[in-house]
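Visitor:
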Amino acid sequence: MMFPMFKQLIVQMFRKPFTNPFPAKYAPKSMKKFMEDVEKGKAKINPPVEIPDEETFRGRILYDRDKCIGCQLCIKVCPSKAIEFKKEEKKIRIYIGRCIFCSQCNDICPTNALSMGNEFLLASDSKVNDELVVE
Amino acid sequence: MIPKAFKRSLWVFHVNSGSCNGCDIEIVAALTPRYDVERFGIKLVGSPRHADVIAFTGPVTKDMEEKVKRVIAQAPEPKVIVVVGACGIGGGVFHESYHLSGPIDKLIPDAKFFYVPGCPPRPEAIIQAFAKAWEYLEEVEKK
Ligand code: SF4
Ligand code: SF4
Ligand code: SF4
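Line by line, the protein sequences are chains A and B.
Per our numbering, the very first residue in the first sequence carries number 53; after that it's consecutive.
Per our numbering, the very first residue in the second sequence carries number 868; after that it's consecutive.
1. Consult DSSP for residue 68(A) and reduce its assignment to one of helix, strand or coil.
2. Cβ closer than 7 Å: which chain B residues qualify as neighbours of residue 157(A)?
3. Report, in whole angstroms, the separation of the C-beta atoms of residue 968(B) and residue 932(B), which I expect to be a contact under 8 Å.
4. What residues in the stretch 93-105 of chain A bring their beta carbon closer than 8 Å to a beta carbon of chain B?
5. 9 Å is my cut-off, CB to CB: does residue 115(A) come that close to chain B?
6. Is the stretch 882-900 of chain B close to the stretch 154-170 of chain A, with three or more CB pairs under 8 Å?
7. Residues of chain B with CB under 8 Å from residue 177(A), in chain order?
8. Beta-carbon of residue 881(B) versus every beta-carbon of chain A: anything under 9 Å?
9. Taking the alpha carbon of residue 127(A) as the reference point, which residue from 116(A), 146(A) and 118(A) has its own alpha carbon closest?
10. Tell me, please, whether the stretch 102-115 of chain A touches the stretch 929-946 of chain B by the rule of three or more beta-carbon pairs shorter than 8 Å.
11. Using only the heavy atoms of ligand 2, determine whether one of them is closer than 8 Å to the beta carbon of residue 131(A).
12. From residue 67(A) to residue 887(B), what does the alpha carbon distance come to, in whole angstroms?
13. Which residue's Cα is closest to the Cα of residue 151(A): 970(B), 974(B), 956(B) and 973(B)?
14. Taking the continuous beta strand (DSSP E) assigned at residue 936(B), which residues delimit it?
15. What does residue 1006(B) reach in chain A if we use C-beta pairs closer than 9 Å?
16. So the candidates are 123(A), 177(A) and 169(A); which of them puts its Cα closest to the Cα of residue 141(A)?
17. Below 8 Å on the Cβ atoms is my guess for residue 84(A) versus residue 991(B); work out the distance and round it to an integer in Å.
18. Would you report the Cα separation of residue 138(A) and residue 944(B), rounded to the nearest angstrom?
19. Going by the C-beta, is residue 961(B) closer than 8 Å to any heavy atom of ligand 3?
20. Let me check understanding here. Comparing Cα to Cα, which of 977(B), 982(B), 930(B) and 941(B) lies closest to residue 954(B)?
21. Count the other C-beta atoms from every protein chain shown that fall within 10 angstroms of the C-beta of residue 78(A), then say buried if there are 16 or more, exposed otherwise.
22. If you drop the 5 nearest sequence neighbours on each side, which residues of the same chain put their C-beta closer than 7 Å to that of residue 179(A)?
23. Please tell me whether residue 980(B) and residue 950(B) are closer than 9 Å, where the distance is taken between their beta carbons.
24. Starting from residue 979(B), follow the beta strand (DSSP E) in both directions and report where the run begins and ends.
25. With a threshold of 6 Å on Cβ separation, who are the neighbours of residue 120(A) within its own chain once the five nearest residues in sequence on each side are excluded?
Structure, rendered in structure tokens:
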């Protein structure tokens, strides 16, 4: 009777924990110092949980400026009006802070200028920094 | 003067101001064993008076405006608000609703905001925002 449990105990001792240790396993003494170390390459950020499928994952939008013909279909279809039209250049600007990552603009774009990337770690203290405005 | 206790654990009060509940579930997902933010001492508390950081979701409906202001007034200084989700940041899918007085940063101009884009964002992005809030609090503490 004891043996099945015993076996389980041994297995548990060597199994990796289910918890994904992003960004560090334990809280660092100083978060600021940890971030500086990461920038210098001294410390390493544990990677986040793997995204399920690279092909269909909907992360931050990638915009190919040269392919865009300025037809404004993406602006019409966007449910949260995250896309703005730049009249002079006939190109678009996407505000990722407003975007809901639905990929409807990708589907309707006649020239495939838009595609969904894999980037999703986008937290910041500004709504309109370089990361969050795609143009 | 900010007490030293700040350093080790952030306590979070969660405010929902009319969100669709998607982001609230992701905040809870960050607390599950898979992501486990409690290993950093980050946990949800029941009163804004105990909170170091406020996790904020939703586009602030007219009904919630006064209540949100009251809740945030009760939180201790410095007020740090992590806005989770597109609808908290700029209205998101609710942007053309007749019943909004948000977004939150228009109503509470003197707080420090961190934004997590996504509808809803993945739990890691929320954890990243809390790491940034943590960094900010450490900086304020030094002054
Ligand atoms: S993914 Fe959806 S919300 Fe984002 S820009 Fe495209 S259509 Fe708009
Ligand atoms: S739908 Fe495509 S081609 Fe048309 S404006 Fe949008 S990105 Fe440009
Ligand atoms: S951002 Fe999207 S998922 Fe999050 S609360 Fe708003 S509508 Fe719901």
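Yeah, the Cβ is synthetic: ideal placement off N, Cα and C, and Gly gets one too.
Guide: Judging by the given coordinates:
1. As a working mapping, residue 68(A) is identified with position 16 in the first sequence. Of the three classes helix, strand and coil, the one that applies to residue 68(A) here is coil, per DSSP.
2. Along the first sequence, one-based indexing puts residue 157(A) at 105. Chain B residues near residue 157(A): none, gap ~14 Å exceeds 7 Å.
3. Taking the first residue of the second sequence as 1, we reach residue 968(B) at position 101. Taking the first residue of the second sequence as 1, we reach residue 932(B) at position 65. About 5 Å; that satisfies the 8 Å criterion.
4. 100 and 101
5. For the purposes of this step, residue 115(A) is taken as the residue at position 63 of the first sequence. Answer no: the Cβ-Cβ gap between residue 115(A) and chain B never drops below 9 Å.
6. no
7. Numbered from 1 along the first sequence, position 125 holds the residue referred to as residue 177(A). By Cβ distance, chain B contributes 979, 980, 981, 982, 999 and 1003.
8. As a position in the second sequence, residue 881(B) is number 14, starting the count at 1. Chain A contact via Cβ: absent.
9. Indexing the first sequence from 1 puts residue 127(A) at position 75. The candidate whose alpha carbon is nearest that of residue 127(A) is 146(A).
10. no
11. Counting from 1 along the first sequence, the entry for residue 131(A) is found at position 79. No; taking the cut-off as 8 Å, the Cβ of residue 131(A) has no heavy atom of ligand 2 nearer than that.
12. Translated into the one-based positions of the first sequence, residue 67(A) becomes position 15. Translated into the one-based positions of the second sequence, residue 887(B) becomes position 20. When rounded, the distance between both Cα atoms is 38 Å.
13. Within the first sequence, the letter at position 99 stands for residue 151(A). The candidate whose alpha carbon is nearest that of residue 151(A) is 956(B).
14. The count along the second sequence starts at 1 and reaches residue 936(B) at position 69. Where residue 936(B) is concerned, there is no enclosing beta strand (DSSP E), although the alpha helix (DSSP H) it sits in stretches over 929-941.
15. Locating residue 1006(B) in the second sequence gives position 139, where the first residue counts as 1. Within 9 Å Cβ-Cβ: 84.
16. The residue labelled residue 141(A) in the question sits at position 89 within the first sequence. Closest by alpha carbon: 123(A).
17. Along the first sequence, read from residue 1 onward, the residue named residue 84(A) stands at position 32. Along the second sequence, read from residue 1 onward, the residue named residue 991(B) stands at position 124. In fact, because the Cβ distance is near 20 Å, the residues do not count as touching under 8 Å.
18. Numbered from its first residue, the first sequence carries residue 138(A) at position 86. Numbered from its first residue, the second sequence carries residue 944(B) at position 77. Cα to Cα, residue 138(A) sits roughly 41 Å from residue 944(B).
19. For the purposes of this step, residue 961(B) is taken as residue 94 along the second sequence, with counting starting at 1. Residue 961(B): yes, Cβ under 8 Å from ligand 3.
20. Along the second sequence, read from residue 1 onward, the residue named residue 954(B) stands at position 87. It is 982(B) whose Cα lies nearest to the Cα of residue 954(B).
21. Taking the first sequence and counting its residues from 1, the one referred to as residue 78(A) is at position 26. The residue in question, residue 78(A), is exposed, as its Cβ has fewer than 16 Cβ neighbours within 10 Å.
22. Here residue 179(A) refers to the residue found at position 127 of the first sequence. Cβ within range, chain order: 149.
23. As a working note, residue 980(B) is residue 113 in the second sequence. As a working note, residue 950(B) is residue 83 in the second sequence. Going by C-beta atoms, residue 980(B) is nearer than 9 Å to residue 950(B).
24. Against the second sequence, residue 979(B) aligns to sequence position 112. First-last of the beta strand (DSSP E) with residue 979(B): 979-983.
25. Translated into positions along the first sequence, residue 120(A) becomes position 68. 143 and 165, listed in sequence order.
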